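Residue numbers for the sequence shown follow the working numbering, beginning at 20 and rising by one.
Quick notes on the structure that follows.
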Amino acid sequence: MVRNITKETKTMIESELRKGTSNSRIANLLGVSYDQALEVVDAIKESIRPEIGDQIKFTFRKQEMVGVIRKLLTNSAVVEIYWDLSSNTMKDICEDKTIVNFKDIEEFVKVGE
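Okay, structure coming up:
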């Protein structure tokens, strides 16, 4: 099953994982057994785990932000914010670095530094 993951399925599972959906719910959405769903979820989690240096777009207090990962934690990362690409509304609230939960990462981006 893991080898036959379509792009649409991968996108759907990534979205559900970011929402915190349970593995049993994902199995139900896929129409497969719980064990098969675990294999797929584990494969996708491994493929989307960010690395130090990844540039990301994320949401913080409903504001879009962009930054680079400087340190990985268990389920979150320390992100240095690119203020010129982020919401100016948050500049008075946030420091130059913030903690971002993996589930709040919207996408990986490429920007020049």
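Note that CB positions come from ideal geometry on N, CA and C, so glycine has one too.
Predicted, not measured: the structure shown is a model, and the values here were computed from it.
Within 8 angstroms, strictly: CB atoms of residue i and residue j
| i | j | result |
| --- | --- | --- |
| Gln74 | Lys129 | yes |
| Phe77 | Val51 | no |
| Pro69 | Ala96 | yes |
| Lys110 | Trp102 | yes |
Integer-rounded CB distance, given that residue j should sit under 8 angstroms from residue i
| i | j | result |
| --- | --- | --- |
| Ile112 | Ile88 | No, Ile112 and Ile88 are not in contact; Cβ-Cβ is about 20 angstroms, not under 8 angstroms. |
| Ile24 | Val60 | No, Ile24 and Val60 are not in contact; Cβ-Cβ is about 10 angstroms, not under 8 angstroms. |
| Leu36 | Lys64 | 7 angstroms |
Pairwise C-alpha distance: residue j and residue i
| i | j | result |
| --- | --- | --- |
| Ser66 | Asn107 | 32 angstroms |
| Ser43 | Lys116 | 35 angstroms |
| Leu57 | Ser41 | 10 angstroms |
| Thr28 | Glu126 | 16 angstroms |
| Ile100 | Val85 | 6 angstroms |
| Tyr53 | Phe121 | 23 angstroms |
| Phe149 | Ala62 | As shown, the chain starts at 20 and ends at 132. That puts residue 149 outside it, with no answer to give. |
| Leu48 | Gly39 | 14 angstroms |
Coil, strand or helix - residue i by DSSP
| i | result |
| --- | --- |
| Ile24 | coil |
**Message:** I'd like the ranges of any beta strand (DSSP E) spanning at least 3 consecutive residues and lying wholly in the segment 54 to 122.
**Reply:** 74 to 79, 82 to 91, 95 to 100 and 116 to 120
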